[in-house]
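Colleague: Protein chains in written order, with our numbering: chain X, 28 to 236; chain R, 3 to 194. For each residue, glycine too, the CB sits at the ideal point set by N, CA and C. After the structure tokens below, expect a handful of questions from me.
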């Protein structure tokens, strides 16, 4: 009787590991880069980006899982992005009310999330090949993995750019160019390499034990 | 002649100094994804240019109606997607009629050139800047050709970027993004 919850827990554990660590959409695969590099320049903007991304992506993936597979792919991909563009409408109204300044600072990087690769690629290559219940859990974990990485990226970038976080300074030598596009690219490259190194180290340790 | 040369130089400078990848990061994920299909990288540039230009023209035709009220203006992204979708379907049909073998070769990844940040940014920027049709076509062409240029810059050092001398943690995505970051920094310095 207790084998089923145990199996479900193991399955979710390995799914979480894949979504957050080995296939992280920002730090491992780099599949959604532009908003992070150009708009996640501090904690508040990274948080605003996370909310828009999570709502638009997850709701779209859930709704589009009902699109019949017999419809040709050419039409399916248009439907996915069309649904995302419609989901974006209430999300944008919500953001204008809860985080107006940070949302405005995102500029066109927020609406551009309607064509993010989790909607245009991951759905077809991974999510919609799975049973809906598990797919929804896995999609949530993928979104969460991206959010965690993006928040971490935004926090580190704010610390490097301003020498502190949320107005509290604690580093004597800030590097303001970290907030530029090239600064974002370089920081993302370094964080991604570091992340991969840590994940590799963890895997090696697990294999030994 | 000097006017023609000035126009060519201005276009080149726009493609390099206002490059879509190196100055705005639009389409970087697509560029990295496409870098795996090295042989077709310039074809992608052409597709992106075509999708940007044609969908800019279509969405421009609907903009007058959509921007009349605040409510309909919110649905402008859906018009962009429908414009892109129309061009995407017609492009696939045109390729299929022209060459079945080429269609087989590209059908699996043409959508990557249509539904990405770079193409969509051309449509958004046209609306935000209230550009004329001519300006939109020029911007769309600049974004598409700029993407192809960035793809070329990445492909030049493809072998070195995939060399065994690259530390293991940096192999693949991190080294590509670091390289793009360094080129972006050079362009930032030159354009100041």
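#1: Report the option in 106/R, 118/R, 55/R and 58/R whose CA atom is closest to the CA atom of residue 105/X.
#2: Between residue 63/X and residue 211/X, is the Cβ-Cβ spacing less than 9 Å?
#3: Check the DSSP bridge columns for residue 192/X and list the partner residues they point to.
#4: Quick check: what's the CA-CA separation for residue 98/R versus residue 56/R?
#5: Three-state secondary structure (DSSP) at residue 64/X?
#6: Given that residue 232/X touches chain R, what residues does it touch there, using C-beta distances under 9 Å?
#7: Using a Cβ-Cβ cut-off of 9 Å, state whether residue 93/X counts as contacting chain R.
#8: Distance cutoff 9 Å, beta carbons only. Does residue 69/R sit that close to anything in chain X?
#9: In terms of residue numbering, what span does the alpha helix (DSSP H) encompassing residue 101/X cover?
#10: So, are the CB atoms of residue 179/X and residue 133/X less than 9 Å apart?
#11: Using only the alpha-carbon positions, how far apart do residue 158/X and residue 97/X sit?
#12: Can you name, in chain order, every residue of its own chain whose Cβ lies under 8 Å from the Cβ of residue 136/X, other than the five neighbours on each side?
#13: Given that a residue counts as buried once 16 or more other Cβ atoms are within 10 Å of its Cβ, and exposed if not, what is residue 197/X?
#14: Compare the C-beta of residue 166/X with all C-beta atoms of chain R and state if any pair is closer than 9 Å.
#15: Going along the region 38-60 of chain X in order, which residues come within less than 8 Å of chain R, judged by CB to CB distance?
#16: What are the start and end residues of the alpha helix (DSSP H) that includes residue 78/R?
#17: Using alpha carbons as the reference points, say which of 120/X, 166/X, 234/X and 130/X lies closest to residue 43/X.
#18: Using DSSP with H/G/I as helix, E/B as strand and the rest coil, what is residue 134/R?
#19: Could you please tell me which residues of the region 103-120 of chain R, in chain order, have their CB closer than 7 Å to any CB of chain X?
#20: By how many angstroms is the C-alpha of residue 170/X removed from the C-alpha of residue 128/X?
#21: Can you tell which of 71/X, 109/X and 72/X has the C-alpha that lies nearest to the C-alpha of residue 84/X?
#22: Out of curiosity, what's the CA-to-CA distance linking residue 139/X and residue 235/X?
#23: Report yes or no: is there a C-beta of chain X within less than 9 Å of the C-beta of residue 36/R?
#24: Rounded to a whole number of angstroms, what is the C-alpha to C-alpha distance between residue 2/R and residue 176/X?
#25: Taking the alpha carbon of residue 211/R as the reference point, which residue from 127/R, 140/R, 115/R and 126/R has its own alpha carbon closest?
#26: Under 9 Å, Cβ to Cβ, is there at least one residue of chain X near residue 96/R?
#27: Closer than 7 Å by beta-carbon distance: list the chain R residues that pair up with residue 175/X, in chain order.
#28: Tell me whether the region 206-225 of chain X and the region 182-191 of chain X touch, counting them as touching only if at least three CB pairs, one residue from each stretch, are closer than 8 Å.
#29: How about residue 148/R: is its C-beta nearer than 9 Å to some C-beta of chain X?
#30: So that I know if they touch, is there some Cβ in chain X lying closer than 9 Å to that of residue 51/R?
#31: What separation, rounded to the nearest whole angstrom, lies between the Cα atoms of residue 157/R and residue 100/R?
Modeller: For this structure:
#1: As a position in the first chain, residue 105/X is number 78, starting the count at 1. Looking at the Cα atoms, 118/R is the closest of the given residues.
#2: Position 36 of the first chain holds residue 63/X. Position 184 of the first chain holds residue 211/X. Taking 9 Å as the cut-off, the beta carbon of residue 63/X is found closer than this to the beta carbon of residue 211/X.
#3: As a position in the first chain, residue 192/X is number 165, starting the count at 1. Paired residues: 195/X.
#4: By 1-based counting over the second chain, the position of residue 98/R is 96. By 1-based counting over the second chain, the position of residue 56/R is 54. Taking the straight line from one Cα to the other gives about 19 Å.
#5: Numbered from 1 along the first chain, position 37 holds the residue referred to as residue 64/X. Of the three classes helix, strand and coil, the one that applies to residue 64/X here is helix, per DSSP.
#6: Residue mapping note: residue 232/X aligns to position 205 of the first chain, counting from 1. Chain-ordered listing is empty here: chain R has no CB closer than 9 Å to the CB of residue 232/X, the nearest sitting near 16 Å.
#7: In the first chain, the residue the question calls residue 93/X occupies position 66. It does not: the Cβ of residue 93/X has no partner Cβ on chain R nearer than 9 Å.
#8: Residue 69/R sits at position 67 when you count from the first residue of the second chain. So, not an interface residue.
#9: Against the first chain, residue 101/X aligns to sequence position 74. 100-125 is the span of the alpha helix (DSSP H), which, as asked, contains residue 101/X.
#10: For the purposes of this step, residue 179/X is identified with residue 152 of the first chain, where counting begins at 1. For the purposes of this step, residue 133/X is identified with residue 106 of the first chain, where counting begins at 1. No, the Cβ-Cβ distance between residue 179/X and residue 133/X is not below 9 Å.
#11: Stepping through the first chain from its first residue, residue 158/X is reached at position 131. Stepping through the first chain from its first residue, residue 97/X is reached at position 70. Distance from the CA atom of residue 158/X to the CA atom of residue 97/X, rounded to whole angstroms, is 17 Å.
#12: The count along the first chain starts at 1 and reaches residue 136/X at position 109. Here the set comprises 61, 62, 65, 66 and 76.
#13: Numbered from its first residue, the first chain carries residue 197/X at position 170. The residue in question, residue 197/X, is exposed, as its Cβ has fewer than 16 Cβ neighbours within 10 Å.
#14: The count along the first chain starts at 1 and reaches residue 166/X at position 139. No, residue 166/X does not count as interfacial toward chain R.
#15: If the cut-off is 8 Å between Cβ atoms, the region 38-60 of chain X has 55, 56, 57, 58, 59 and 60 near chain R.
#16: To locate residue 78/R, count along the second chain from 1; it is residue 76. Secondary structure note for residue 78/R: its alpha helix (DSSP H) is the uninterrupted segment 78-100.
#17: Reading the first chain from its first residue, position 16 is the one you call residue 43/X. Taking only the C-alpha atoms, the option nearest residue 43/X is 166/X.
#18: Within the second chain, numbered from 1, the residue matching residue 134/R stands at position 132. Taken through DSSP and simplified to helix, strand or coil, residue 134/R comes out as coil.
#19: Under the 7 Å Cβ criterion, the region 103-120 of chain R contributes 113, 117, 118 and 119.
#20: Numbered from its first residue, the first chain carries residue 128/X at position 101. Numbered from its first residue, the first chain carries residue 170/X at position 143. Whole-angstrom Cα-Cα distance: 24 Å.
#21: As a working mapping, residue 84/X is identified with position 57 in the first chain. If we check each option's Cα against that of residue 84/X, 109/X comes out closest.
#22: As a first step, residue 139/X must be located in the first chain, where it is residue number 112. As a first step, residue 235/X must be located in the first chain, where it is residue number 208. Cα-Cα distance, rounded: 44 Å.
#23: To locate residue 36/R, count along the second chain from 1; it is residue 34. Output row for residue 36/R: interface = no.
#24: What the structure shows of chain R is the stretch from 3 to 194, and residue 2/R is not part of that stretch, so it cannot be assessed.
#25: This structure gives no information on residue 211/R, because the portion of chain R shown stretches from 3 to 194.
#26: By one-based count along the second chain, residue 96/R stands at place 94. No, no contact with chain X.
#27: Translated into the one-based positions of the first chain, residue 175/X becomes position 148. Within chain R, no residue comes near residue 175/X; the closest Cβ sits about 18 Å away, beyond 7 Å.
#28: For the pair of segments examined, the region 206-225 of chain X was found to touch the region 182-191 of chain X: the number of CB pairs separated by less than 8 Å reaches three.
#29: Position 146 of the second chain, counted from the first residue, corresponds to residue 148/R. With respect to chain X, the C-beta atom of residue 148/R has no partner C-beta closer than 9 Å.
#30: Against the second chain, residue 51/R aligns to sequence position 49. Output row for residue 51/R: interface = no.
#31: Reading the second chain from its first residue, position 155 is the one you call residue 157/R. Reading the second chain from its first residue, position 98 is the one you call residue 100/R. Going by C-alpha positions, residue 157/R is about 28 Å away from residue 100/R.
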